[in-house]
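Peer 1: Number 111 in this note's numbering belongs to position 79 of the sequence shown; there are no gaps in the numbering.
For every residue, glycine included, the Cβ atom is placed at its ideal position computed from N, Cα and C.
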Amino acid sequence: MLAQNENLAAQLRDLRVIHSFASTLLHFSDSIDDILWDLAQQAVAHIGLEDCVIYLLDEERGDLVQKAAFGPKNPDDREIVNRIRLAVGQGIVGACAATGEAVLVDDTRLDPRYVLDDASRHSELSVPIWSDGRVIGVIDSEHSQPGFFTTWHVEMFKTLAAMTAGRLASARLEKKRLQLATSDHLTGLLNREAFFSRLEQIKSRGGAGIYLVLINVDRFSSLNEWVGHEWGDEILKTLAARLHSIFPGDTPVARLWGDEFALLVQADRDEAETLGRRVLDLLALPLRGGAIQGLRLSVRAGMVELAGAQSAAETMVLGSIAMLEARGSGSAGLRIHDEHIASQRRRVQKLERDLERDLQTLSSGVVAWFQPIVGIGDRRIRGAEVLARWRHVDWGWVSPAEFVHVAEASGQVHVLGETVLRSALESLESWGDETRSLIFNINVSPLQIQSDRFVESLLSSLDRFNVMPEQIACEVTESALLADDRRTGKVFARLRERGVRLVLDDFGTGYASLDTLTRFPFSGVKIDRRFVENISASPRAQAIVRSVITLSSDLGLRCTAEGIETDEQLEVLAQLGCSLGQGWVFARAMPASEFGDLLRSGLRRAA
Numbered sequence: 033m034l035a036q037n038e039n040l041a042a043q044l045r046d047l048r049v050i051h052s053f054a055s056t057l058l059h060f061s062d063s064i065d066d067i068l069w070d071l072a073q074q075a076v077a078h079i080g081l082e083d084c085v086i087y088l089l090d091e092e093r094g095d096l097v098q099k100a101a102f103g104p105k106n107p108d109d110r111e112i113v114n115r116i117r118l119a120v121g122q123g124i125v126g127a128c129a130a131t132g133e134a135v136l137v138d139d140t141r142l143d144p145r146y147v148l149d150d151a152s153r154h155s156e157l158s159v160p161i162w163s164d165g166r167v168i169g170v171i172d173s174e175h176s177q178p179g180f181f182t183t184w185h186v187e188m189f190k191t192l193a194a195m196t197a198g199r200l201a202s203a204r205l206e207k208k209r210l211q212l213a214t215s216d217h218l219t220g221l222l223n224r225e226a227f228f229s230r231l232e233q234i235k236s237r238g239g240a241g242i243y244l245v246l247i248n249v250d251r252f253s254s255l256n257e258w259v260g261h262e263w264g265d266e267i268l269k270t271l272a273a274r275l276h277s278i279f280p281g282d283t284p285v286a287r288l289w290g291d292e293f294a295l296l297v298q299a300d301r302d303e304a305e306t307l308g309r310r311v312l313d314l315l316a317l318p319l320r321g322g323a324i325q326g327l328r329l330s331v332r333a334g335m336v337e338l339a340g341a342q343s344a345a346e347t348m349v350l351g352s353i354a355m356l357e358a359r360g361s362g363s364a365g366l367r368i369h370d371e372h373i374a375s376q377r378r379r380v381q382k383l384e385r386d387l388e389r390d391l392q393t394l395s396s397g398v399v400a401w402f403q404p405i406v407g408i409g410d411r412r413i414r415g416a417e418v419l420a421r422w423r424h425v426d427w428g429w430v431s432p433a434e435f436v437h438v439a440e441a442s443g444q445v446h447v448l449g450e451t452v453l454r455s456a457l458e459s460l461e462s463w464g465d466e467t468r469s470l471i472f473n474i475n476v477s478p479l480q481i482q483s484d485r486f487v488e489s490l491l492s493s494l495d496r497f498n499v500m501p502e503q504i505a506c507e508v509t510e511s512a513l514l515a516d517d518r519r520t521g522k523v524f525a526r527l528r529e530r531g532v533r534l535v536l537d538d539f540g541t542g543y544a545s546l547d548t549l550t551r552f553p554f555s556g557v558k559i560d561r562r563f564v565e566n567i568s569a570s571p572r573a574q575a576i577v578r579s580v581i582t583l584s585s586d587l588g589l590r591c592t593a594e595g596i597e598t599d600e601q602l603e604v605l606a607q608l609g610c611s612l613g614q615g616w617v618f619a620r621a622m623p624a625s626e627f628g629d630l631l632r633s634g635l636r637r638a639a
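1) Taking the CB atoms as reference points, tell me whether Leu288 and Ile234 lie closer together than 8 Å.
2) What runs of the alpha helix (DSSP H), each 4 residues or longer, lie entirely inside the segment 545-600?
3) Is Gly123 helix, strand or coil by DSSP?
4) By how many angstroms is the C-alpha of Asp143 removed from the C-alpha of Thr196?
5) Would you call the segment 462-474 and the segment 498-506 touching, i.e. three or more CB-CB distances under 8 Å?
6) When DSSP labels each residue in this structure, what does Ser163 get in the three-state scheme?
7) Over the uninterrupted beta strand (DSSP E) stretch that includes Val297, give me the two end residues.
8) Check each candidate in Gly428, Asp265 and Gln342 and name the one with the smallest Cα separation from His217.
9) Can you give me the start and stop residues for the beta strand (DSSP E) that Ile242 sits inside?
10) With 16 as the cutoff for other CB atoms within 10 Å, does Trp401 come out buried or exposed?
11) With 16 as the cutoff for other CB atoms within 10 Å, does Pro280 come out buried or exposed?
12) Output needed for Thr270: all residues of its chain with C-beta closer than 7 Å, excluding positions within five of it in sequence on either side, in chain order.
13) Looking at the secondary structure, which residues open and close the beta strand (DSSP E) in which Glu417 lies?
14) Between Thr140, Leu549, Pro160 and Val159, which has its C-alpha nearest Ser152's C-alpha?
15) Under 8 Å by Cβ, that's how I've got Asn223 and Ala273 pegged, so tell me the actual separation to the nearest angstrom.
16) Using beta-carbon positions only, say whether Ala316 and Val336 come within less than 8 Å of one another.
17) Which residue comes first and which comes last in the beta strand (DSSP E) that contains Glu450?
18) Nearest to Ala130 by CA position, among Leu88, Gly321 and Asp138, is which residue?
19) Less than 8 Å between the beta carbons of Arg408 and Ser253, yes or no?
20) Using CA coordinates, which residue listed in Asn248, Phe435 and Ala240 is at the minimum distance from Ala341?
21) In whole angstroms, give me the CA-to-CA distance for Leu583 and Gln607.
22) By alpha-carbon positions, which one of Val557, Ser63 and Gly365 ends up nearest to Ala100?
23) State the DSSP-derived secondary structure class of Met188, mapped to helix, strand or coil.
24) Go ahead and label Asp291 buried or exposed: buried means 16 or more other beta carbons lie within 10 angstroms of its beta carbon, across all protein chains shown.
25) So, helix, strand or coil for Phe524, using DSSP?
26) Over what stretch of residues does the alpha helix (DSSP H) that includes Ile278 continue unbroken?
27) By the 10 Å Cβ neighbour count, where 16 or more other Cβ atoms means buried, how is Ser363 classified, buried or exposed?
28) Given that a residue counts as buried once 16 or more other Cβ atoms are within 10 Å of its Cβ, and exposed if not, what is Ala72?
29) So Ile474 is in the beta strand (DSSP E); what residue range does that whole segment cover?
30) Whose CA, out of Ala323, Lys382 and Ala593, lies closest to the CA of Glu257?
31) Is the CB-CB distance between Val157 and Gly126 below 8 Å?
32) Does DSSP put His154 in a helix, a strand or coil?
What follows is the structure, encoded as structure tokens:
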């Protein structure tokens, strides 16, 4: 009876120990480091150990590295001063990892495998941590008493190792999920959303002595067209790797979109400027490999101290202004926000506030204007491009290039896009059958495409205003294709499934290639105005335009030439076989009321 009671007491003790470990691992440990430190501490507290050391396999180097060590040498701080690394097979720990079996040594003085770390330790127990059919680590303990460890310790360690393996696997899956949600798929850097979240957190604490650095590559779209999509990606990955080589792992470094990168650094102004020039010098070093061998990039950077802005969004705007200023500054491609930019800052602040106010007001100054798209052969109106216009209460009409940039930097571009779309659809609904055969191009920002709500919002608006999806074409610039390919492809596919058309703007000037037209379901392309501008005098421009027209015809795409201003340009385009045109030679952009009058004035429309 006594033996039975002792056995039950021992089992109860075992259950309490296991319950304690399970509670700690499941409810208190978040990161992998926390899991291992909690495990080591709990092992010493509940199993009567003198120490507990946990090793994990370094996947890159292939050896075992200490991750947690709790005991007399390190009773409080969760930090290992002299981190031991052991080859698999080296010492008792290495032997455990090599064989995948527990190793119990009653007297380390008699075992040649023992790696002397502390002469006062005379017995040792190592148990492997198994996961997915392989050893990923070792739990190890040493004791001053020879023969201290028993089969009970072995079984407890095995139970503990199994629980730890499961919790580590769960933590790694969570870490991977978080990385996928916060990382740029191409470079592995933070994505825009994750970076902006970090920026907001730091800005909420003031941001003194913290600088935002925005970086981009001059004429990257043209370079990308020249070297090809795959090598363009290699350039971006090389830039990301170089940024990683400069900054420690806890420095927020991101690819915002396309060729624009961002980072946050802690420094005073002089240090920030020195660091900025160091970054530019490193990024400008010759590239290596294939089509980019020996290429040198021209890189620009804008910097702003977080404390100099009122919000995270304003910080991004000021950084963007500084980066744009750097392009023309001639100061080695670097510009730090200063008093010269202060007046622009005040203007941007007012624009941001007033734009937000107007977008929240039904009688908004933000409206849709229309520029006709016309058949070159018959001069019939075939549709129109919908353009955003904003009449500021104090300053009158604001340049779209200015307020759209403010909207993108301040996170208002989604509301801006919805407001312009609503304004356009209200007009289409009022015109009724007059516009049923026309196609209206809606400009869409890359940020809108990356939004989860974009497609549903667009389709809902079409239903609300009784506009057929076939009447709408989403017009995207080539920079939209530099974002997440997978997400972009899914968005485009959903739009085409519902009948919404897709038009690629500025085709032939940068990133887009033949591969682009096969990867995405475009229904039309627009020839950039730079080619149209020189088409009367430049054989090269004519050759490019002819190629785009022929390609469009072969692929069944509508081809529109933008920026037609003269009859000479129009005549050449007609000779080359371009079917659609847009520009001042036909009409400038106009308010909805004037476009409605134009439709009713006798100008023929497409049947």
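Peer 2: In brief:
1) Looking up residue 288 in the sequence shown gives position 256. Looking up residue 234 in the sequence shown gives position 202. No, the Cβ-Cβ distance between Leu288 and Ile234 is not below 8 Å.
2) 546-551, 561-565 and 571-587
3) By 1-based counting over the sequence shown, the position of residue 123 is 91. If DSSP states are grouped into helix, strand and coil, Gly123 belongs with the helices.
4) Within the sequence shown, residue 196 is the residue found at index 164, counting from 1. Within the sequence shown, residue 143 is the residue found at index 111, counting from 1. Those two C-alpha atoms are separated by around 28 Å.
5) yes
6) Locating residue 163 in the sequence shown gives position 131, counting from the first residue. Strand, per DSSP.
7) Residue 297 sits at position 265 when you count from the first residue of the sequence shown. Where Val297 is concerned, the enclosing beta strand (DSSP E) stretches over Glu292 to Gln298.
8) Locating residue 217 in the sequence shown gives position 185, counting from the first residue. Of the listed residues, the one whose Cα sits closest to His217 is Asp265.
9) For this step, residue 242 is matched to residue 210 along the sequence shown. Ile242 to Val249 is the span of the beta strand (DSSP E), which, as asked, contains Ile242.
10) By 1-based counting over the sequence shown, the position of residue 401 is 369. It is buried - the Cβ of Trp401 has at least 16 other Cβ atoms within 10 Å.
11) Your numbering for residue 280 matches position 248 in the sequence shown. Label assigned to Pro280: exposed.
12) By 1-based counting over the sequence shown, the position of residue 270 is 238. Excluding sequence neighbours, Thr270 sits near Leu319.
13) Here the question's residue 417 lines up with position 385 in the sequence shown. Here the beta strand (DSSP E) through Glu417 covers Ile413 to His424.
14) One-based indexing of the sequence shown puts residue 152 at position 120. Closest in C-alpha terms to Ser152, from the list Thr140, Leu549, Pro160 and Val159, comes Thr140.
15) Within the sequence shown, the letter at position 191 stands for residue 223. Within the sequence shown, the letter at position 241 stands for residue 273. Actually they do not touch by this definition, with Cβ atoms about 17 Å apart.
16) The sequence position of residue 316 within the sequence shown is 284, counting from 1. The sequence position of residue 336 within the sequence shown is 304, counting from 1. Not closer than 8 Å, so no.
17) Numbered from its first residue, the sequence shown carries residue 450 at position 418. Run containing Glu450: none in the beta strand (DSSP E); it sits in the alpha helix (DSSP H), Val445 to Trp463.
18) Here residue 130 corresponds to residue number 98 of the sequence shown, with the count starting at 1. The residue with the shortest Cα to Cα distance from Ala130 is Leu88.
19) Along the sequence shown, one-based indexing puts residue 408 at 376. Along the sequence shown, one-based indexing puts residue 253 at 221. Per the sequence shown, residue 408 should be read as Ile rather than Arg. No, these two residues do not count as a Cβ contact at 8 Å.
20) As a working note, residue 341 is residue 309 in the sequence shown. Checking every option, the nearest Cα to that of Ala341 belongs to Ala240.
21) Position 551 of the sequence shown, counting from 1, holds the residue named residue 583. Position 575 of the sequence shown, counting from 1, holds the residue named residue 607. Going from the Cα of Leu583 to the Cα of Gln607 covers about 16 Å.
22) Against the sequence shown, residue 100 aligns to sequence position 68. Comparing Cα positions, the closest option is Ser63.
23) Residue mapping note: residue 188 aligns to position 156 of the sequence shown, counting from 1. DSSP places Met188 in helix when its eight states are reduced to three.
24) Position 259 of the sequence shown, counted from the start, is the residue given in the question as residue 291. The residue is buried, with at least 16 neighbouring Cβ atoms inside 10 Å.
25) Mapped onto the sequence shown, residue 524 falls at position 492. Correct three-state label for Phe524: helix.
26) For the purposes of this step, residue 278 is taken as the residue at position 246 of the sequence shown. Start and end: His261 to Ile278.
27) Mapped onto the sequence shown, residue 363 falls at position 331. The predicted position of Ser363 is uncertain, since its pLDDT is 48 and thus under 50; a value taken from the coordinates is nonetheless stated next. Its Cβ having fewer than 16 others within 10 Å, Ser363 is exposed.
28) As a position in the sequence shown, residue 72 is number 40, starting the count at 1. Buried, since its Cβ has 16 or more Cβ neighbours within 10 Å.
29) Within the sequence shown, numbered from 1, the residue matching residue 474 stands at position 442. Ile474 -> beta strand (DSSP E) spans Ile471 to Asn475.
30) To locate residue 257, count along the sequence shown from 1; it is residue 225. That would be Ala323, whose Cα lies nearest to the Cα of Glu257.
31) Counted from its first residue, the sequence shown places residue 157 at position 125. Counted from its first residue, the sequence shown places residue 126 at position 94. Going by the sequence as given, residue 157 is Leu instead of Val. In this structure, Gly126 does not lie closer than 8 Å to Leu157 by Cβ.
32) One-based indexing of the sequence shown puts residue 154 at position 122. Three-state result, His154: coil.
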